[in-house]
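Residue numbers (the UniProt record's numbering), protein chains in the order written: chain G, 1 to 335; chain R, 1 to 288.
Below you'll find the structure, written out as structure tokens, and then a few comments.
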Amino acid sequence: MTTLVSEAIRAPYDFLAWLVGLWSDALYAVGDALGIGMLEYVFMHHAFLVGTLIAVMAPLVGTFLVHRQMALIGDALAHTAFAGVAVGLFVNSILGTGISPYLTAVVVAMLAALAIELISEVTDAYNDVSMAIVLSTGFALGAVLISVNTGGLAVGINQYLFGNLATVSRENAVLLVVLFLLVSVVVTVTYKQLLYVTFDETAARVAGIDVTWYNRLMTTLTALVVVGAMQIMGVILVAAMLVVPVAAAAQVARGFRESLLASVVLAQIAVLVGITLSYRYEATAGGTIVLVAVAVYIGMVLAGKLQSRRGVSEEAGTGSVAREIDAGTGESTDD
Amino acid sequence: MSLEGIPSVGVGGVETSRESAEAGEGRRGEGTADADRVVDAVDLTFGYAAAPVVESVSFGVDRGEYVGIVGPNGSGKSTLLRLVLGLHEPDSGHARLLGHPSLAFAERERVGYVAQDVTENTKRMPITVAEVVLMGRFPHAGFGRVTETDREHAREALRTVGIERLADRKITALSGGQRQRAYIARALAGEAELLVLDEPTVGVDAESVDAFFDLLADLNDEGMTILLVEHDIGAVLERASRVICLNREVYFDGSPAAFAGSDALERAYGTNLGLGAKTETDSRGDGS
């Protein structure tokens, strides 16, 4: 059975691995031509690839989360993903198998995502309560599993907690490409429904959209992104990628589509600058990326303030127009 | 016509039934067929907990009508709308929307819904007026792409409500009145035949409220069926073609003139509250 499955995914895996190889070759060539030292290393190619993919996926999903005021969900799922990693390592050491801890993290985080939705549906508790419960459970489970199974695990766990550029293998990169394709396709196809649910849940229901289903889809996608980002950011900082670029974009964007695009661009800046700095100064990648993202956020807050100050002086003119429209529509609709 | 079917209500029930029947007679004279029945609520009872919020409520809305539902706070007005729209399953009775059971109603674009200003929850969400109005086309588009036709419908709707110049503004930058116009435009963009409004003027300044009701009147003149829940009884008496007074049960269903002359308001609101409100509605009623 397992051989059948592995046979079935071999061809697409090989293809994606080949693509990752191409990317690697391309970056090497670029580094060679421009004399960029860090591009000599394959692990840096993988880091840049994974970082770029995360910086598309995270804001894509995060924009819907943040504007539903569910920013905390990334944090909750990151902690359960940590439990998932612990489960994977635990099973491997007990049964002597070689399951990727990321795979168990994906499964556990998706289960947790559904648990959050179910808890809030069943108990009528506010979403932040259900998130807090799932967060604590996840971290406790992870801590317990690791403590009962200390044989070498405590050392390995650090890379999941804090992320590590050097641990991004070709398999990890392929897994990320698959996640990226999945998340991008799902969000593209369901964009209208997700937007409607995010903006006005009741009106969305009146419009015939299955709000419960889309809420679950949203949390499931978040779980996937969290696990994807975990290997480079570490669980503790993963939520930042979902939230900070989105919050930055919201400062300056007027439209939703515009803010979605802006958040992706800002996330790319944070990831590319962050990885470069972390390589140069041998700092942890996750922390560096988040600090750059926060710096970008502060920049956008200032830009937004400037924008609205300019807007106010414009408004002085349009305000009267607006009032005129408000009061004088009887005429325009009569004809 | 099921208006005679309204069960007698607790206090002064007999009288209510008579009034309702009279109102029904009047409208039946116009010769409405079942195909023109846009909303049909039959003996609806529903409660979130054990006690019913809405009890044995029956009423119908015909195509082209402008029906206003009034009642004190917590009288079940919004819940009744949700039952009609199929958002809740009634404990007993049933509701039909445009000829289909509400719970299984699929042609969602035919109904437009405007609630109290929702931007309370989405204050910081960046989204333009045009994007909000385009949402009205989403049921048409399904999983497909938004087409140029969809965008044209959205632009047309913005022109109808008179805020096309604000299309590229952030929705949160609009005044309450303008924002409610945008939500009307969203319903129009979807080519809705029925407009359901749940206290749309809460938090809208008085001047804009009048303009908002003018807009509703214009839409009604052009054939739009309107079902409006509104706390401002005066506005409903002045604007609607029919009034339903609700407090868990139906206390009155008939013309605004008949409502002003009845004591349904006192009975529904309780004597103390009713007196103040009555004075206001009386003066309004005389004026029109």
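Here a beta-carbon is modelled for each residue, glycine too, at the ideal position from N, C-alpha and C.
It should be emphasised that the depicted structure is a prediction, and the values quoted were computed from it without experimental measurement.
Sequence-distant residues of the same chain with beta carbon closer than 6 Å to residue i, five excluded per side
{"i": "residue 336 of chain G", "result": "This structure cannot speak to residue 336 of chain G, because chain G is shown only from 1 to 335."}
{"i": "G/Ala55", "result": "Ala267, Gln268, Val271"}
{"i": "G/Asp14", "result": "none"}
{"i": "G/Trp23", "result": "Leu49"}
{"i": "G/Leu135", "result": "Ala76, His79"}
{"i": "R/Ser75", "result": "Leu246, Asn247"}
{"i": "G/Ile36", "result": "none"}
{"i": "R/Leu197", "result": "Val114, Leu228"}
{"i": "R/Gly162", "result": "none"}
Residue i in three-state terms, based on DSSP
{"i": "R/Tyr48", "result": "coil"}
{"i": "R/Tyr113", "result": "strand"}
{"i": "R/Pro72", "result": "coil"}
{"i": "G/Ala17", "result": "helix"}
{"i": "R/Ser58", "result": "strand"}
{"i": "R/Glu30", "result": "Because the pLDDT of R/Glu30 is 39, which lies under 50, any placement of that residue in the model is unreliable, and the question is left without a value."}
{"i": "R/Ala23", "result": "Residue placement at R/Ala23 is flagged as unreliable, the pLDDT there being 42, under the threshold of 50; the coordinate-derived value follows with that caveat. It is helical."}
{"i": "R/Asn247", "result": "strand"}
{"i": "R/Gly270", "result": "coil"}
{"i": "G/Tyr41", "result": "coil"}
{"i": "R/Thr201", "result": "coil"}
{"i": "R/Gly64", "result": "coil"}
{"i": "R/Leu98", "result": "coil"}
{"i": "R/Arg169", "result": "coil"}
{"i": "R/Phe252", "result": "strand"}
{"i": "R/Asp232", "result": "coil"}
{"i": "G/Leu237", "result": "helix"}
{"i": "G/Thr222", "result": "helix"}
{"i": "R/Arg124", "result": "coil"}
{"i": "G/Gly31", "result": "helix"}
{"i": "R/Asp40", "result": "strand"}
{"i": "R/Leu227", "result": "strand"}
{"i": "R/Leu195", "result": "strand"}
{"i": "R/Arg242", "result": "strand"}
{"i": "G/Ser278", "result": "helix"}
Own chain, CB closer than 7 Å to residue i, minus 5 neighbours either side, in chain order
{"i": "G/Val183", "result": "Met57, Leu60, Val61, Leu221, Leu224, Val225"}
{"i": "G/Ala229", "result": "Ile54, Ala58, Val238, Met241"}
{"i": "R/Asp36", "result": "Asp62, Arg63"}
{"i": "R/Ala211", "result": "Gly177"}
{"i": "G/Val273", "result": "Val292"}
Beta-carbon gap between residue i and residue j smaller than 8 Å
{"i": "R/His226", "j": "R/Leu246", "result": "Reading off the sequence, residue 226 of chain R comes out as Ile, not His. Taking 8 Å as the Cβ cut-off, R/Ile226 and R/Leu246 do not qualify as a contacting pair."}
{"i": "R/Ala192", "j": "R/Arg137", "result": "no"}
{"i": "G/Leu145", "j": "G/Phe90", "result": "yes"}
{"i": "G/His45", "j": "G/Leu34", "result": "no"}
{"i": "G/Ala105", "j": "G/Ala140", "result": "no"}
{"i": "G/Ala47", "j": "G/Ile209", "result": "no"}
{"i": "R/Ala240", "j": "R/Tyr66", "result": "yes"}
{"i": "G/Ala112", "j": "G/Gly74", "result": "no"}
{"i": "G/Val211", "j": "G/Ala204", "result": "yes"}
{"i": "R/Val243", "j": "R/Gly68", "result": "yes"}
Cβ distance (whole Å) where residue i is taken to contact residue j below 8 Å
{"i": "R/Arg108", "j": "R/Pro139", "result": "5 Å"}
{"i": "R/Arg248", "j": "R/Glu55", "result": "5 Å"}
{"i": "R/Gly176", "j": "R/Val204", "result": "4 Å"}
{"i": "R/Arg124", "j": "G/Ala250", "result": "6 Å"}
{"i": "G/Ile116", "j": "G/Thr219", "result": "6 Å"}
{"i": "residue 411 of chain G", "j": "R/Pro126", "result": "As displayed, chain G neither begins before 1 nor continues past 335, which places residue 411 of chain G out of reach and without an answer."}
{"i": "R/Ser102", "j": "R/Leu85", "result": "6 Å"}
{"i": "R/Glu230", "j": "R/Val114", "result": "Actually they do not touch by this definition, with Cβ atoms about 12 Å apart."}
{"i": "G/Gly31", "j": "G/Leu39", "result": "2 Å"}
{"i": "G/Ala247", "j": "G/Tyr297", "result": "6 Å"}
{"i": "R/Arg151", "j": "R/Leu134", "result": "7 Å"}
{"i": "R/Phe259", "j": "R/Leu237", "result": "7 Å"}
{"i": "G/Leu165", "j": "G/Ile275", "result": "7 Å"}
{"i": "G/Val227", "j": "G/Val294", "result": "Their Cβ separation, rounded to whole angstroms, is 23 Å, which puts G/Val227 and G/Val294 out of contact at 8 Å."}
{"i": "R/Val129", "j": "R/Arg155", "result": "R/Val129 to R/Arg155, Cβ: 11 Å. No contact."}
{"i": "R/Ala187", "j": "R/Gly234", "result": "With 8 Å as the limit, R/Ala187 and R/Gly234 do not qualify as a contact, their Cβ atoms being about 25 Å apart."}
heavy atom of the ligand ATP below 7 Å from residue i C-beta
{"i": "R/Val202", "result": "The model depicted lacks the ligand ATP and carries no ligand whatsoever."}
Residues near residue i by beta carbon distance below 8 Å, same chain, minus five either side
{"i": "G/Leu19", "result": "Val177"}
{"i": "R/Glu164", "result": "Arg155, Leu158"}
{"i": "G/Met110", "result": "Thr220, Ala223, Leu224"}
Cβ contact check for the region 213–223 of chain R and the region 55–62 of chain R: 3 or more pairs under 8 Å: For the pair of segments examined, the region 213–223 of chain R was found not to touch the region 55–62 of chain R: the number of CB pairs separated by less than 8 Å stays below three.
Stretch pair the region 284–302 of chain G + the region 231–244 of chain G: three plus CB contacts closer than 8 Å: Short answer: they touch.
Stretch-stretch touch, CB-based, cutoff 8 Å, three pairs: the region 200–216 of chain G with the region 82–101 of chain G: Because the criterion of three Cβ pairs below 8 Å is not met, the region 200–216 of chain G and the region 82–101 of chain G do not touch.
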